[in-house]
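Same order as they appear, the protein sequences are chains E and C.
Reminder that position 46 of the first sequence reads as 43 in our numbering, one-by-one numbering, no gaps.
Here our numbering = 1-based position in the second sequence + 29.
By construction, the Cβ of each residue, glycine as well, lies at the ideal position given by its N, Cα and C atoms.
Read the structure below first, then the notes.
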Amino acid sequence: TQLLEQSPQFLSIQEGENLTVYCNSSSVFSSLQWYRQEPGEGPVLLVTVVTGGEVKKLKRLTFQFGDARKDSSLHITAAQTGDTGLYLCAGGVTSYDKVIFGPGTSLSVIP
Amino acid sequence: EPEVTQTPSHQVTQMGQEVILRCVPISNHLYFYWYRQILGQKVEFLVSFYNNEISEKSEIFDDQFSVERPDGSNFTLKIRSTKLEDSAMYFCASRQTALGIGETQYFGPGTRLLVL
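What follows is the structure, encoded as structure tokens:
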């Protein structure tokens, strides 16, 4: 059974600080997505990484896929209050047509 | 920009009643999914659907659940006899091509189901 873990579960930081969120598994995934979810809404895709070691940047967000495709990180530089939300990682499994979600990291950026 | 839509946004039902949740995936997408998220818990995979048949389902998706693509545009999830523990946010998602090439999965806004 593939499982994804995320750490930390909760994170509260001051505006302007940097932070990193981690997504880990003992399983290999064919792709890994990061989503952001607002309360009462569906997950919104931020990025998909496919290749081991891949790094993608989206403005102040940097995403990295581990070399072995078992883990990933999301780094936010100079956090803003608008970054507040639930960040979900999700792993794609080619042999099974589904995506496994992690439990999420709830980020709160305080002004 | 194309998007997945879901109706209704909220549904309240009595335990034991049947509910049908509706989704309109993005028009050129071929793979369709239902997920659910119980309040405060993680998003859980329910079922995937391709070429008019189920391709994968989780242990949650028991005989009380069924999916259908009745008319080439709608994708529905039916719960035959709802239980209290079916209360959750249900998300529909669609994708154009298969996993493994980093294809994006687009989620709808969700239907919040409350079983009383």
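Cβ neighbours of F78 (chain C) in the same chain (closer than 6 Å, five flanking residues each side left out)
F61, V96
Between the C-alpha atoms of Q30 (chain E) and T45 (chain E), what's the straight-line distance to the nearest angstrom?
One C-alpha to the other measures close to 4 Å.
If we cut at 9 Å on Cβ distances, does V109 (chain E) have a partner in chain C?
Here chain E covers residues -2 to 108 and nothing more, so residue 109 (chain E) does not appear.
Would you list, in chain order, the members of the stretch 37 to 60 of chain E that have their beta-carbon closer than 9 Å to a beta-carbon of chain C?
G37, E38, G39, P40, V41, L42, T45, V46, V47, T48
Proximity test, Cβ basis, 9 Å: A87 (chain E) and chain C
yes
Return the chain-ordered list of same chain residues with a C-beta closer than 8 Å to the C-beta of H58 (chain C), the five sequence neighbours on each side being excluded.
S123, R124, Q125, Y135
Contact check, Y119 (chain C) vs L68 (chain C), beta carbons under 9 Å:
No, the Cβ-Cβ distance between Y119 (chain C) and L68 (chain C) is not below 9 Å.
Taking Cβ-Cβ distances shorter than 9 Å, what residues in chain C pair up with G63 (chain E)?
Here the premise fails: no neighbours, minimum Cβ distance about 16 Å.
Using a Cβ-Cβ distance under 9 Å, would S87 (chain C) count as near chain E?
S87 (chain C) counts as touching chain E.
Should Q(-1) (chain E) be counted as a contact of the ligand MN given a C-beta to heavy atom distance under 8 Å?
The model depicted lacks the ligand MN and carries no ligand whatsoever.
Distance, R65 (chain C) Cα to G139 (chain C) Cα
9 Å
Reference S105 (chain E), options E:K67, E:Q34, E:S23, closest by Cα:
E:Q34
Taking C-alpha atoms, which residue in C:T42, C:E114, C:E47, C:L113 lies nearest to T105 (chain C)?
Per the Cα distances, C:E47.
Given a threshold of 16 other Cβ atoms within 10 Å of its Cβ, counted over all protein chains shown, does E82 (chain C) qualify as buried or as exposed?
Result: exposed.
Which residue comes first and which comes last in the beta strand (DSSP E) that contains Q30 (chain E)?
Note, Q30 (chain E): beta strand (DSSP E), 28 to 34.
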